[in-house]
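Presented below is the structure to which this report refers.
2 protein chains.
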Amino acid sequence: VSAPSAPTGREPTLKTVRLVVSGLGNIGRRYLDILIGKAGLLRARYGLVFHVVGAADSRGAAFDPAGLDLAEIVRLKKAGRSAADYPRGYTPSGRGRAGLPPLALIEQLDADVLCESTPVSLDDGEPGLSCMRAAMRKGMHVVTPNKGPLVLAYRELTALAQQQGVRLLFCGTVAGGLPAINLGQRDMAGATIERLEALPNLTTSYILDQMTRGLPYAEALAAAQAQGCAEADPSLDVEGWDAANKLVILANSVLGMPATLGDVAVEGITGLTLADLETAKANGRTIKLVASAVRREDGSYTLRVGPVGLPAEHPLARLGGQQMGIVYHTDIYGTISAAILEEEPTPSSATMLRDLLTIYAAP
Amino acid sequence: VSAPSAPTGREPTLKTVRLVVSGLGNIGRRYLDILIGKAGLLRARYGLVFHVVGAADSRGAAFDPAGLDLAEIVRLKKAGRSAADYPRGYTPSGRGRAGLPPLALIEQLDADVLCESTPVSLDDGEPGLSCMRAAMRKGMHVVTPNKGPLVLAYRELTALAQQQGVRLLFCGTVAGGLPAINLGQRDMAGATIERLEALPNLTTSYILDQMTRGLPYAEALAAAQAQGCAEADPSLDVEGWDAANKLVILANSVLGMPATLGDVAVEGITGLTLADLETAKANGRTIKLVASAVRREDGSYTLRVGPVGLPAEHPLARLGGQQMGIVYHTDIYGTISAAILEEEPTPSSATMLRDLLTIYAAP
Numbered sequence: 169v170s171a172p173s174a175p176t177g178r179e180p181t182l183k184t185v186r187l188v189v190s191g192l193g194n195i196g197r198r199y200l201d202i203l204i205g206k207a208g209l210l211r212a213r214y215g216l217v218f219h220v221v222g223a224a225d226s227r228g229a230a231f232d233p234a235g236l237d238l239a240e241i242v243r244l245k246k247a248g249r250s251a252a253d254y255p256r257g258y259t260p261s262g263r264g265r266a267g268l269p270p271l272a273l274i275e276q277l278d279a280d281v282l283c284e285s286t287p288v289s290l291d292d293g294e295p296g297l298s299c300m301r302a303a304m305r306k307g308m309h310v311v312t313p314n315k316g317p318l319v320l321a322y323r324e325l326t327a328l329a330q331q332q333g334v335r336l337l338f339c340g341t342v343a344g345g346l347p348a349i350n351l352g353q354r355d356m357a358g359a360t361i362e363r364l365e366a367l368p369n370l371t372t373s374y375i376l377d378q379m380t381r382g383l384p385y386a387e388a389l390a391a392a393q394a395q396g397c398a399e400a401d402p403s404l405d406v407e408g409w410d411a412a413n414k415l416v417i418l419a420n421s422v423l424g425m426p427a428t429l430g431d432v433a434v435e436g437i438t439g440l441t442l443a444d445l446e447t448a449k450a451n452g453r454t455i456k457l458v459a460s461a462v463r464r465e466d467g468s469y470t471l472r473v474g475p476v477g478l479p480a481e482h483p484l485a486r487l488g489g490q491q492m493g494i495v496y497h498t499d500i501y502g503t504i505s506a507a508i509l510e511e512e513p514t515p516s517s518a519t520m521l522r523d524l525l526t527i528y529a530a531p
Numbered sequence: 169v170s171a172p173s174a175p176t177g178r179e180p181t182l183k184t185v186r187l188v189v190s191g192l193g194n195i196g197r198r199y200l201d202i203l204i205g206k207a208g209l210l211r212a213r214y215g216l217v218f219h220v221v222g223a224a225d226s227r228g229a230a231f232d233p234a235g236l237d238l239a240e241i242v243r244l245k246k247a248g249r250s251a252a253d254y255p256r257g258y259t260p261s262g263r264g265r266a267g268l269p270p271l272a273l274i275e276q277l278d279a280d281v282l283c284e285s286t287p288v289s290l291d292d293g294e295p296g297l298s299c300m301r302a303a304m305r306k307g308m309h310v311v312t313p314n315k316g317p318l319v320l321a322y323r324e325l326t327a328l329a330q331q332q333g334v335r336l337l338f339c340g341t342v343a344g345g346l347p348a349i350n351l352g353q354r355d356m357a358g359a360t361i362e363r364l365e366a367l368p369n370l371t372t373s374y375i376l377d378q379m380t381r382g383l384p385y386a387e388a389l390a391a392a393q394a395q396g397c398a399e400a401d402p403s404l405d406v407e408g409w410d411a412a413n414k415l416v417i418l419a420n421s422v423l424g425m426p427a428t429l430g431d432v433a434v435e436g437i438t439g440l441t442l443a444d445l446e447t448a449k450a451n452g453r454t455i456k457l458v459a460s461a462v463r464r465e466d467g468s469y470t471l472r473v474g475p476v477g478l479p480a481e482h483p484l485a486r487l488g489g490q491q492m493g494i495v496y497h498t499d500i501y502g503t504i505s506a507a508i509l510e511e512e513p514t515p516s517s518a519t520m521l522r523d524l525l526t527i528y529a530a531p
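Heads up: the sequence lines are chains A and B, in that order.
When you line the first sequence up against our numbering, it's residues 169 to 531, in that order.
When you line the second sequence up against our numbering, it's residues 169 to 531, in that order.
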């Protein structure tokens, strides 16, 4: 059962699950921290032991069929080194190998789940896409917050998962740690979703929040970059394409619409001035970059990303610069909204654990 | 899969599920409306056909192993009559019987799921409690928004479900159509919930909302009663016990704490004056009746229901008179909140469909 149980004093039957972790950046490294910190709870509450048998970054990989020492990998990464530097002899069967790509790691290891968090590529989805394909072809489940492969190959990947009888879970692709997809897929079951609206992009939320406080766009962007919540090249975020990618995933996974990026009308926030925000405020509205899907008569959806002046009573109007949210307007479940306050990337990293537990600890 | 699929032009393999519906009041009757309205979608999207083989109200029951005509039952109920008046000969095998209690109906029918929405009793949980026990002993699943049996016999009922290998699902017991329990059980998996706060009671939300607009307590209560959102005897709501019952269910089902009503410190809203609300407002706060659980060092929780002045930035502060909400403060998933706008009882009724689809349509 997924609900925590009161301690019973006896050890439950333990199940060992072997993981390959691909990508050890901001998300992947924190994910290892979570696995370390949660080992006791996962064992006691769910009877689960997760062994990371392989871990890869862009410079190489470490592997140990008996389970890597995760603290050692975290130490290496924090010191600016690579999993490839995993010391031979540290454990009898563990070793690192420079230049070993994640795809080769997946192909040569026996494991149950690929945890994929390599950098997002919206050009070709690589290296994530090939790794996901290879893992599923081997019968492994995949959990990932990596948008790229899902945006580019949603139908192919979900069909492959079904064909192979494995799970492909990606609850972290849309709004960080917010279970926006789970809410849509599971809790809106049986409903017709008339409309959804989402604020899925932290960078633009932060910039608009700063602008609401009187900072012009260029300064707000600089502040976001100084905070580390905007990239050096912020165009993907501020021009609305990150939100559009997330909307494509929502359309496919929740709305049952085989949408691609070309189906989304996209407008960013780069053209917004302080005067625009002040005019909106004078009218009781707050401007947010909203990703929306509105149901058409034929059952498909009109997809749009753009600035919208939300009235004060709108569930997303009050979300601050470190929040993301979603609203489902339905026929039978009323209007259901959800939001997350995500002040650092741990919740996004933890989505891979949530997905793992959907596979191994669901009632 | 629970995600809707694009139409493929071919009929999926159909599975027929036999339901007994006990309780045909506000919730149960609307549930039949939902089953009627959704039959086509459930068949096309999930390959599911739900046959209601028995339906009971306080005056009797109707049954038909081939499936009752639900529209006929709804017509009878709307005309102030009973399921017992279901006309013999309407279908070859269907008939009504005055005085047949739901327990006897369950015992004599072959069915897969009991859908239980008889009136809530917090004294003895009846008639729901006995019906749930009988159904599970027969190997039937149970879906219910009925708080009474869960508050009074949580451990017994969940143990019975486990022992019998059946599902007992009750996502509608806590906050109408809001999937507060699902969010806690499934999407907080692996987390330590440091604190939760909920506004689970519509009546008090409505009254406090009216008071915020300047109506004194007695007039706000009268307005709620005129609106049909407060009982003639409103004490269960306004004295906080309804919220406390819901907190007990959250504690058991999400927090893993075997709490009972005696563990909750309860204060209602009957002592609140307009001056209290004005003072709060002057301090930038809004008074709400909050049900909260705060984690203690030993892993159990301090449970409390009472008026709290929430600061403007609190996710629950802005909820209006027809909204309910919940906030989970966690260690690894940040702070996640969810709310529902529920303007009439359909979402609460629909929770039984959500639970059914958790059983029969989950991926």
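Where a beta carbon is used, it is the ideal one built from N, C-alpha and C, also for glycine.
- Within 8 Å, strictly: CB atoms of A207 (chain B) and A230 (chain B): For the purposes of this step, residue 207 (chain B) is taken as the residue at position 39 of the second sequence. For the purposes of this step, residue 230 (chain B) is taken as the residue at position 62 of the second sequence. Cβ atoms of A207 (chain B) and A230 (chain B): not closer than 8 Å.
- Item | chain A contact for T514 (chain B) (CB, 8 Å cutoff) | Your numbering for residue 514 (chain B) matches position 346 in the second sequence. So yes, T514 (chain B) belongs to the interface.
- From Y199 (chain B) to G436 (chain A), what distance separates their C-alpha atoms? Taking the second sequence and counting its residues from 1, one reaches residue 199 (chain B) at position 31. Taking the first sequence and counting its residues from 1, one reaches residue 436 (chain A) at position 268. If you take the alpha carbons of Y199 (chain B) and G436 (chain A), they lie about 43 Å apart.
- Whose CA, out of A:S505, A:Y254, A:L320, lies closest to the CA of E481 (chain A)? What you label residue 481 (chain A) is simply residue 313 of the first sequence in a count that begins at 1. Checking every option, the nearest Cα to that of E481 (chain A) belongs to A:S505.
- Report yes or no: do the region 302-316 of chain B and the region 516-525 of chain B share at least 3 C-beta pairs separated by less than 8 Å? yes
- Among residues of its own chain, excluding the 5 on either side of S173 (chain A), which ones have a beta-carbon nearer than 8 Å to its beta-carbon? In the first sequence, the residue the question calls residue 173 (chain A) occupies position 5. Below a pLDDT of 50, predicted positions are generally treated as unreliable, and S173 (chain A), at 46, falls in that range; no measurement from the model is reported.
- Message: Would R186 (chain B) and A279 (chain B) be called neighbours here (beta carbons separated by less than 8 Å)?
- Response: One-based indexing of the second sequence puts residue 186 (chain B) at position 18. One-based indexing of the second sequence puts residue 279 (chain B) at position 111. Going by C-beta atoms, R186 (chain B) is nearer than 8 Å to A279 (chain B).
- Task: Tell me whether K183 (chain A) sits in a helix, a strand or coil according to DSSP, three-state version.
- Result: Here residue 183 (chain A) is taken as the residue at index 15 of the first sequence, counted from 1. In the structure shown, K183 (chain A) sits in a strand (DSSP, three-state: E or B).
- State whether the region 458-469 of chain A contacts the region 351-370 of chain A, with contact taken as three or more CB pairs (one from each stretch) at a distance under 8 Å. yes
- Query: Would you call T371 (chain A) buried or exposed, if buried means 16 or more other Cβ atoms sit within 10 Å of its Cβ?
  - Reply: As a working mapping, residue 371 (chain A) is identified with position 203 in the first sequence. Label assigned to T371 (chain A): buried.
- To which residues does DSSP link R463 (chain B) through a beta bridge? As a working mapping, residue 463 (chain B) is identified with position 295 in the second sequence. In the DSSP output, where bridge partners are listed per residue, R463 (chain B) has B:Y469.
- Taking the alpha helix (DSSP H) that G316 (chain B) falls in, what are its first and last residues? Taking the second sequence and counting its residues from 1, the one referred to as residue 316 (chain B) is at position 148. 315-332 is the span of the alpha helix (DSSP H), which, as asked, contains G316 (chain B).
- Query: Does I504 (chain B) come within less than 8 Å of chain A when only Cβ atoms are used?
  - Reply: By 1-based counting over the second sequence, the position of residue 504 (chain B) is 336. Output row for I504 (chain B): interface = yes.
- Compute the beta-carbon to beta-carbon distance between L429 (chain A) and N413 (chain A), rounded to the nearest angstrom, for a pair I have assumed lies under 8 Å. Here residue 429 (chain A) corresponds to residue number 261 of the first sequence, with the count starting at 1. Here residue 413 (chain A) corresponds to residue number 245 of the first sequence, with the count starting at 1. Indeed they touch by this definition, with Cβ atoms about 7 Å apart.
- Task: Flag this pair as yes or no: are the beta carbons of M300 (chain B) and P287 (chain B) separated by less than 8 Å?
- Result: Residue numbering aside, residue 300 (chain B) sits at position 132 when the second sequence is read from its first letter. Residue numbering aside, residue 287 (chain B) sits at position 119 when the second sequence is read from its first letter. No, they are not a contact pair.
- Considering only C-alpha positions, which residue in the set A:Q331, A:A390, A:E362 is nearest to K306 (chain A)? Residue 306 (chain A) sits at position 138 when you count from the first residue of the first sequence. That would be A:Q331, whose Cα lies nearest to the Cα of K306 (chain A).
- Task: Measure the CB-CB distance between V220 (chain B) and P233 (chain B) and report whether it falls below 8 Å.
- Result: One-based indexing of the second sequence puts residue 220 (chain B) at position 52. One-based indexing of the second sequence puts residue 233 (chain B) at position 65. Their beta carbons are not under 8 Å apart, which means V220 (chain B) does not touch P233 (chain B) by this criterion.
- Message: At a CB distance below 9 Å, what residues from the region 185-212 of chain B approach chain A? Give them in sequence order.
- Response: I202, G205, K206, L209, L210
- Query: Taking DSSP as the reference, what is the three-state secondary structure of K543 (chain A)?
  - Reply: One cannot answer for residue 543 (chain A) here, as it falls past the ends of chain A, which runs 169 to 531.
- Item | Host beta strand (DSSP E) of C299 (chain B) (start-end) | By 1-based counting over the second sequence, the position of residue 299 (chain B) is 131. That residue, C299 (chain B), is in no beta strand (DSSP E); its alpha helix (DSSP H) goes 296-305.
- Contacts of N369 (chain A) in chain B (Cβ-Cβ under 7 Å): What you label residue 369 (chain A) is simply residue 201 of the first sequence in a count that begins at 1. Those do not exist, as N369 (chain A) stays about 16 Å from chain B at its closest Cβ, beyond 7 Å.
- Alpha carbon of D201 (chain B) to alpha carbon of E512 (chain B), nearest angstrom: Residue numbering aside, residue 201 (chain B) sits at position 33 when the second sequence is read from its first letter. Residue numbering aside, residue 512 (chain B) sits at position 344 when the second sequence is read from its first letter. Roughly 14 Å separates the two Cα atoms.
- Task: Specify, as a first and last residue, the run of the alpha helix (DSSP H) that D405 (chain A) falls within.
- Result: Residue numbering aside, residue 405 (chain A) sits at position 237 when the first sequence is read from its first letter. Run containing D405 (chain A): 403-406, per the alpha helix (DSSP H) assignment.
- Task: Evaluate G439 (chain B) with the Cβ neighbour count: other Cβ atoms within 10 Å of its Cβ, from every protein chain shown; 16 or more gives buried, anything less gives exposed.
- Result: The sequence position of residue 439 (chain B) within the second sequence is 271, counting from 1. Per the 10 Å Cβ criterion, exposed.
- Quick one: does P347 (chain B) have its CB under 8 Å from some CB of chain A? Numbered from 1 along the second sequence, position 179 holds the residue referred to as residue 347 (chain B). So, interface residue.
- Task: Determine whether the Cβ of L182 (chain A) lies closer than 8 Å to any Cβ atom of chain B.
- Result: Translated into the one-based positions of the first sequence, residue 182 (chain A) becomes position 14. Closer than 8 Å: no.
- Query: Thinking C-beta only, is P402 (chain A) closer than 8 Å to L383 (chain A)?
  - Reply: Here residue 383 (chain A) refers to the residue found at position 215 of the first sequence. Here residue 402 (chain A) refers to the residue found at position 234 of the first sequence. Not closer than 8 Å, so no.
- Message: Quick check on this structure: which residue in B:A411, B:A443, B:G248, B:L209 has the alpha carbon closest to the alpha carbon of R197 (chain B)?
- Response: On the second sequence, position 29 is the one that residue 197 (chain B) refers to. Minimum Cα distance to R197 (chain B) is reached at B:G248.
- For a contact meaning CB atoms closer than 9 Å, what does L525 (chain B) contact in chain A? Taking the second sequence and counting its residues from 1, one reaches residue 525 (chain B) at position 357. Those are R354, A357, G358, listed as they occur along chain A.
- Check whether the Cβ atoms of R227 (chain A) and A266 (chain A) sit closer than 8 Å, and answer yes or no. Walking along the first sequence from the start, residue 227 (chain A) turns up at place 59. Walking along the first sequence from the start, residue 266 (chain A) turns up at place 98. Going by C-beta atoms, R227 (chain A) is nearer than 8 Å to A266 (chain A).
- Query: Is there a Cβ from chain A that is less than 8 Å from the Cβ of F338 (chain B)?
  - Reply: Here residue 338 (chain B) corresponds to residue number 170 of the second sequence, with the count starting at 1. Not closer than 8 Å to any Cβ of chain A, the Cβ of F338 (chain B) fails to qualify, so no.
- Identify whether I500 (chain B) lies in helix, strand or coil by the three-state DSSP scheme. On the second sequence, position 332 is the one that residue 500 (chain B) refers to. Of the three classes helix, strand and coil, the one that applies to I500 (chain B) here is coil, per DSSP.
- Per-residue burial, T503 (chain B) [other beta carbons within 10 Å of its own, 16 or more giving buried]: Within the second sequence, residue 503 (chain B) is the residue found at index 335, counting from 1. Buried: at least 16 other Cβ atoms inside 10 Å.
- Query: Quick one: is R265 (chain B) near chain A, going by C-beta distance under 8 Å?
  - Reply: As a working mapping, residue 265 (chain B) is identified with position 97 in the second sequence. No, no contact with chain A.
- Buried or exposed: P295 (chain A), going by 16 or more other Cβ atoms within 10 Å of its Cβ? Mapped onto the first sequence, residue 295 (chain A) falls at position 127. Under this definition P295 (chain A) is a buried residue.
- Roughly how many angstroms separate the alpha carbons of G493 (chain A) and P255 (chain B), rounded to a whole number? Within the first sequence, the letter at position 325 stands for residue 493 (chain A). Within the second sequence, the letter at position 87 stands for residue 255 (chain B). Cα to Cα, G493 (chain A) sits roughly 50 Å from P255 (chain B).
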